[in-house]
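As numbered in our numbering, residues 1148 to 1365 make up the sequence shown, in order.
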Amino acid sequence: DLNNDGLGDAIVTKQTAKGLSNFRGVINIFNGSQAGYTEQPDQVIISEGTASAQSLIRDVNGDDRLDLILPSVKISISAIIRFLVTRSIPISFNIFLLHEDNRFSDRPDFTKEVKFKIDFSGDSDTQAMDLDGDYNGDRRKDFVFGTGENELSIYLGESGHDDRLFSKKPVAQIEAEAYGDLRSPDLNGDGYSDMLIYYPNSNDKKGMVQILTNLGKL
1148 DLNNDGLGDA IVTKQTAKGL SNFRGVINIF NGSQAGYTEQ PDQVIISEGT
1198 ASAQSLIRDV NGDDRLDLIL PSVKISISAI IRFLVTRSIP ISFNIFLLHE
1248 DNRFSDRPDF TKEVKFKIDF SGDSDTQAMD LDGDYNGDRR KDFVFGTGEN
1298 ELSIYLGESG HDDRLFSKKP VAQIEAEAYG DLRSPDLNGD GYSDMLIYYP
1348 NSNDKKGMVQ ILTNLGKL
């Protein structure tokens, strides 16, 4: 329910490609009504990149409207060579805000790029990443990313900037096993997200769970 009218909405995504380097995600948005859905989408968003079909729905700016987050990977011959050499791949998270007219922006309002390191063996997890947590209690989503094998960086959600949605630099860097799956529940009900990390693909950490309690000092 994107627009809080009590009716379920639908997002249908598909990937298109022309050649090796021209990948696009086509996102069709259908607003629900008492009569169901229309044959034609109420809005169509085009997002460049190969991973755009994996859309995320979050209220990232605390306005009680659900926004659209589209991961995007640009593919080219040079990008493939860099990937094979560095074993890392840059992923852009394109963020489309839902506005008062119940339409998303046609182009991303904000973009956050991070580099994921890839283990070709498949025996370890990738860097932890989370967009669901609110670590300072301001009702804005914060961004957490594993910036090292034993380091999680927290970027607070910010308002009033035209060029970014999160702080430029991390406000905190936490020592933890940072390659795994990160969840951000408020475990003790104090209004601050905590961290829960588990490791489904790491052979040496299977069954291990880390719980990091937020002390509310950000």
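For glycine and all other residues, C-beta sits at the position ideal for the given N, C-alpha and C.
Query: S1382 in three-state terms, based on DSSP; Result: One cannot answer for residue 1382 here, as it falls past the ends of the chain, which runs 1148 to 1365.
Query: Beta strand (DSSP E) segment containing L1299, residue limits; Result: 1298-1302
Query: Closest residue to P1237 among S1252, V1261, L1245 (Cα-Cα distance); Result: V1261
Query: N1151 and N1249 closer than 7 Å at C-beta; Result: no
Query: Three or more C-beta pairs below 8 Å linking the segment 1331-1341 and the segment 1307-1315; Result: no
Query: Three-state class that DSSP yields for R1330 in the structure shown; Result: strand
Query: Whole-number beta carbon distance between V1173 and K1161, since they are thought to touch under 8 Å; Result: 5 Å
Query: Whether L1213 touches S1202 by CB criterion (7 Å); Result: no
Query: The segment 1269-1281 in contact with the segment 1290-1308 per 3-pair CB rule at 8 Å; Result: yes
Query: Buried versus exposed call for K1288 [16 or more other C-beta atoms within 10 Å across all chains shown]; Result: buried
Query: Helix, strand or coil at I1242 according to DSSP, with G and I counted as helix; Result: strand
Query: Closest Cα partner of F1243 within the set R1311, R1286, D1277; Result: R1311
Query: DSSP state of I1265 mapped onto helix, strand, coil; Result: coil
Query: DSSP beta-bridge partners of E1195; Result: R1171
Query: Selection from I1227, I1158, A1319 that minimises the alpha carbon distance to I1193; Result: I1158
Query: Which residues DSSP lists as bridging A1325, in chain order; Result: Answer by DSSP bridge pairing: none, since A1325 is not bridged.
Query: Cutoff 6 Å; reference R1286; Cβ partners in own chain excluding five residues on either side; Result: G1209
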